[in-house]
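Here the protein sequences line up with chains C and Z, keeping their order. Those letters in the first sequence? Residues 1 to 318, by the working numbering. Those letters in the second sequence? Residues 1001 to 1218, by the working numbering. Backbone N, C-alpha and C fix where the C-beta goes; we use that ideal spot for every residue, glycine too. Notes for the one structure printed next.
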Amino acid sequence: MTLLEAALRAVAALAAFLVLPLLVGQAEHKVMAHMQGRLGPMYAGGFHGWAQLVADGVKFLQKEDITPRAADRWVFRLAPGVALVPYLLALALLPVHPGVAAVDVPGSLVLLLAATSVGALGTLMAGWSSANKYSLIGGLRAAAQLVSYELPLVLAVASVALAGGSLSLVGLVDAWSPWWLLWQLPGGVVFLVAAAAELQRPPFDMPVADAELVMGAWTEYTGLRFAFFLLAEYAGIVVMSVLFAVLWLGGWHGPFPDALGWLWTLAKGFVVALVVIWVRVAWPRLREDQLQRLAWLWLVPLGLFQVVLTGVGVVAGW
Amino acid sequence: MVTPEQHERPEPAEDTRGRGGLPGVLKGLATTARTALRPTHTHEYPDVAPDLPPRSRGVIALLEENCTSCMLCARECPDWCIYIDSHKETIPATTEGGRERQRNVLDRFAIDFSLCMYCGICIEVCPFDALHWSPQFEYAEVDILDLLHEKERLGEWMATVPPPPALDEKAAEPAEVAAASRPARGARGPAGGPGGAGSSRPPRTVRPRVVRGEGDGT
Chain C
1 MTLLEAALRA VAALAAFLVL PLLVGQAEHK VMAHMQGRLG PMYAGGFHGW AQLVADGVKF
61 LQKEDITPRA ADRWVFRLAP GVALVPYLLA LALLPVHPGV AAVDVPGSLV LLLAATSVGA
121 LGTLMAGWSS ANKYSLIGGL RAAAQLVSYE LPLVLAVASV ALAGGSLSLV GLVDAWSPWW
181 LLWQLPGGVV FLVAAAAELQ RPPFDMPVAD AELVMGAWTE YTGLRFAFFL LAEYAGIVVM
241 SVLFAVLWLG GWHGPFPDAL GWLWTLAKGF VVALVVIWVR VAWPRLREDQ LQRLAWLWLV
301 PLGLFQVVLT GVGVVAGW
Chain Z
1001 MVTPEQHERP EPAEDTRGRG GLPGVLKGLA TTARTALRPT HTHEYPDVAP DLPPRSRGVI
1061 ALLEENCTSC MLCARECPDW CIYIDSHKET IPATTEGGRE RQRNVLDRFA IDFSLCMYCG
1121 ICIEVCPFDA LHWSPQFEYA EVDILDLLHE KERLGEWMAT VPPPPALDEK AAEPAEVAAA
1181 SRPARGARGP AGGPGGAGSS RPPRTVRPRV VRGEGDGT
């Protein structure tokens, strides 16, 4: 790989990282508004408020960057970066087209899971360093939630890796067949639920429950650092949605010529993101104990069942 | 898994099932999806005028000709936001040797809308229908002191006062109509009313007549 090619891939990943989360965010604005009988942003940019998030970004840029006096200064300032950068890495690992991924490494699935787990560390750092009781409780809730939901997430992904016999995302998509839609269905459900919880999206947003904790671990953040946390959340939706599309929905497999493969991957990922948004609008927030009960009594057993089912299937040669 | 507290709670099976037999979570998804496919309720306000309900309380308009400077509104106002200045003018007698009359002339009538709480008591209390509710609401100001509006501005809002709504079916006849259609006192008969013998004057005051009957539920 030449230096030029590396630079091109990096720029492409960065562009995707800056554009796709905004697309999802705008879709959330509009879809949520219509699901609530509203119109959503209509003025920014002229046509149906398409530039609303750009305007929001400009607003965040202009705001004062405040670090509380009692805060653990370096940890506090570093936390948004720790939350954001892993998702950039994860996004770079995702293949969208046969042979097209910004970074193509043999064990990309493992690297991707590791990266997304690090992202949660940013929330924990923010909560711990803010010197604010709401932030602290939010951070600890996030930690408890991530510990609980990492396990079903990994179980679900492990099942797909087992079925495809590979730890490379590209290899898994190549091994995918429509039969997986049924065979891997329980694991897919587990993954979707666990991914929403990993991202602290409603209905699993206890760490930022605004009625109880102001804004959880992000309470003390202002301006661009706060925007980074928001961007990390939406980048997380993109990563998890495209990952679901790649692992469970077959990525670029589709009825049209192979040249349109990238479109298939992105379209499938966008549909999954819409489901994540839909669930946010429709369902109320779970209580902390309900969340833990769901993880340990339902998702983990279901994930284990899926691994067993996949193991049987692989041995029996389904 | 079942703790003693859960026994005391009402059985959740009824709560989690909707009318169609769907679990509540699916019902929530269906409801939001259905709403998303329907037209929205939003009026894009600065571009599209809102549909105001009848009898909207936007601003208080003044019909200056009707005002007699009686000060009832200013005195009844709970937060004293009405300012009235007036003076008396003498009208010369219309006939030779007649008595001169005096009448009040309104100099200033102002409502401070930064104090007004839109209770409408001034409008209720005005005996001469000089004050009216207007649905006009776009009179925001940058400075709170600019919300004190004088009678010229209050008079401009009279143009936006809607006509009174039609009476309900089977409503009592309006007092004015009843008074106009009533036969004059002299025409009632030769006997006349008690003390009304020979009087041909029209009634001086128009009062709503309280009809005692089945509607009087006190």
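CB contact check: residue i to chain C, cutoff 8 Å
{"i": "Val-1048/Z", "result": "no"}
{"i": "Val-1177/Z", "result": "no"}
{"i": "Val-1025/Z", "result": "yes"}
{"i": "Ala-1110/Z", "result": "no"}
{"i": "His-1041/Z", "result": "yes"}
{"i": "Gly-1028/Z", "result": "yes"}
{"i": "Ala-1036/Z", "result": "yes"}
{"i": "Glu-1044/Z", "result": "yes"}
Min CB distance residue i to chain Z below 8 Å
{"i": "Arg-347/C", "result": "Residue 347/C falls outside the range modelled here, since chain C spans only 1 to 318, and no answer is possible."}
{"i": "Trp-50/C", "result": "no"}
{"i": "Met-206/C", "result": "no"}
{"i": "Ala-273/C", "result": "no"}
{"i": "Leu-282/C", "result": "At residue 282/C the sequence reads Ala, which differs from the Leu that was named. Yes, its Cβ sits closer than 8 Å to a Cβ of chain Z."}
{"i": "His-34/C", "result": "yes"}
{"i": "Leu-299/C", "result": "no"}
{"i": "Val-190/C", "result": "no"}
{"i": "Val-31/C", "result": "yes"}
{"i": "Leu-302/C", "result": "no"}
{"i": "Met-125/C", "result": "no"}
{"i": "Met-240/C", "result": "no"}
{"i": "Met-215/C", "result": "no"}
CA-to-CA distance, residue j to residue i, given in whole angstroms
{"i": "Leu-322/C", "j": "Ala-295/C", "result": "Since the first residue shown for chain C is 1 and the last is 318, residue 322/C is missing from the structure and cannot be characterised."}
{"i": "Arg-285/C", "j": "Ala-1030/Z", "result": "18 Å"}
{"i": "Glu-1089/Z", "j": "Ser-1056/Z", "result": "37 Å"}
{"i": "Leu-1145/Z", "j": "Val-1161/Z", "result": "25 Å"}
{"i": "Ile-66/C", "j": "Gly-45/C", "result": "30 Å"}
{"i": "Pro-106/C", "j": "Glu-64/C", "result": "43 Å"}
{"i": "Ile-1060/Z", "j": "Trp-1133/Z", "result": "5 Å"}
{"i": "Val-239/C", "j": "Tyr-87/C", "result": "7 Å"}
{"i": "Ala-322/C", "j": "His-1041/Z", "result": "The structure shown does not extend to residue 322/C, since chain C is modelled only from 1 to 318, so the question has no answer here."}
{"i": "Thr-193/C", "j": "Pro-68/C", "result": "The question names Thr, yet the displayed sequence has Val at residue 193/C. Approximately 35 Å, taken between the alpha carbons."}
{"i": "Val-160/C", "j": "Thr-1032/Z", "result": "32 Å"}
{"i": "Val-189/C", "j": "Leu-1147/Z", "result": "59 Å"}
{"i": "Phe-226/C", "j": "Leu-169/C", "result": "32 Å"}
{"i": "Glu-198/C", "j": "Pro-1165/Z", "result": "58 Å"}
{"i": "Pro-1194/Z", "j": "Cys-1116/Z", "result": "Reliability fails at Pro-1194/Z, whose pLDDT of 49 lies under 50, so the model's placement of it is uncertain and no value is given."}
{"i": "Gln-200/C", "j": "Val-1142/Z", "result": "42 Å"}
{"i": "Ile-1111/Z", "j": "Ile-1084/Z", "result": "9 Å"}
{"i": "Arg-287/C", "j": "Cys-1126/Z", "result": "56 Å"}
{"i": "Pro-178/C", "j": "Gly-99/C", "result": "20 Å"}
{"i": "Leu-247/C", "j": "Asp-104/C", "result": "16 Å"}
{"i": "Val-85/C", "j": "Gly-165/C", "result": "29 Å"}
{"i": "Leu-121/C", "j": "Met-206/C", "result": "16 Å"}
{"i": "Ala-323/C", "j": "Ala-16/C", "result": "For residue 323/C there is no data in the structure shown, the boundaries of chain C being 1 and 318."}
Residue j beta carbon less than 8 Å from that of residue i
{"i": "Leu-1154/Z", "j": "Phe-1109/Z", "result": "yes"}
{"i": "Pro-203/C", "j": "Trp-283/C", "result": "yes"}
{"i": "Ala-83/C", "j": "Leu-93/C", "result": "no"}
{"i": "Ala-142/C", "j": "Gly-119/C", "result": "no"}
{"i": "Gly-313/C", "j": "Trp-176/C", "result": "no"}
{"i": "Val-281/C", "j": "Met-35/C", "result": "yes"}
{"i": "Asn-1066/Z", "j": "Ser-1086/Z", "result": "no"}
{"i": "Val-173/C", "j": "Gly-251/C", "result": "yes"}
{"i": "Val-307/C", "j": "Leu-78/C", "result": "no"}
{"i": "Thr-123/C", "j": "Ala-195/C", "result": "no"}
{"i": "Leu-18/C", "j": "Leu-112/C", "result": "no"}
{"i": "Gln-145/C", "j": "Leu-291/C", "result": "yes"}
{"i": "Ala-27/C", "j": "Ala-232/C", "result": "no"}
{"i": "Ile-1121/Z", "j": "Pro-1078/Z", "result": "yes"}
{"i": "Ser-241/C", "j": "Val-276/C", "result": "yes"}
{"i": "Gly-139/C", "j": "Val-208/C", "result": "no"}
{"i": "Arg-1101/Z", "j": "Ile-1091/Z", "result": "yes"}
{"i": "Thr-265/C", "j": "Ala-245/C", "result": "yes"}
Distance between beta carbons of residue j and residue i, contact taken as under 8 Å
{"i": "Gly-261/C", "j": "His-97/C", "result": "5 Å"}
{"i": "Ala-71/C", "j": "Ser-129/C", "result": "6 Å"}
{"i": "Cys-1073/Z", "j": "Leu-1131/Z", "result": "6 Å"}
{"i": "Ala-131/C", "j": "Leu-89/C", "result": "With a Cβ gap of about 30 Å, Ala-131/C and Leu-89/C do not count as contacting."}
{"i": "Gly-1058/Z", "j": "Gln-1136/Z", "result": "5 Å"}
{"i": "Ser-108/C", "j": "Glu-150/C", "result": "Not quite, the Cβ-Cβ distance comes to about 18 Å (not below 8 Å), so this is no contact."}
Chain B contact residues for residue i, given Cβ-Cβ distances below 9 Å
{"i": "Trp-278/C", "result": "Absent here is chain B; the protein component of the structure consists of chains C and Z."}
Check: Which residue spans inside the stretch 1066-1151 of chain Z form an unbroken beta strand (DSSP E) run of at least 3?
Finding: 1082-1091, 1101-1112 and 1131-1134
Note to self: Please give me, in chain order, every unbroken run of the alpha helix (DSSP H) with length at least 4 that falls completely inside the stretch 138-219 of chain C.
What the structure shows: 169-175, 180-183, 185-198 and 210-213
Next item on the list: For the stretch 91-129 of chain C, list the alpha helix (DSSP H) runs that are entirely contained and at least 4 residues long, ordered along the chain.
Entry: Taking only runs of at least 4 residues, the alpha helix (DSSP H) segments lying wholly in the stretch 91-129 of chain C are 108-129.
Margin query: Which runs of the alpha helix (DSSP H) at least 4 residues long sit entirely within the stretch 40-65 of chain C? Give them in chain order.
Written below: Runs found: 52-62.
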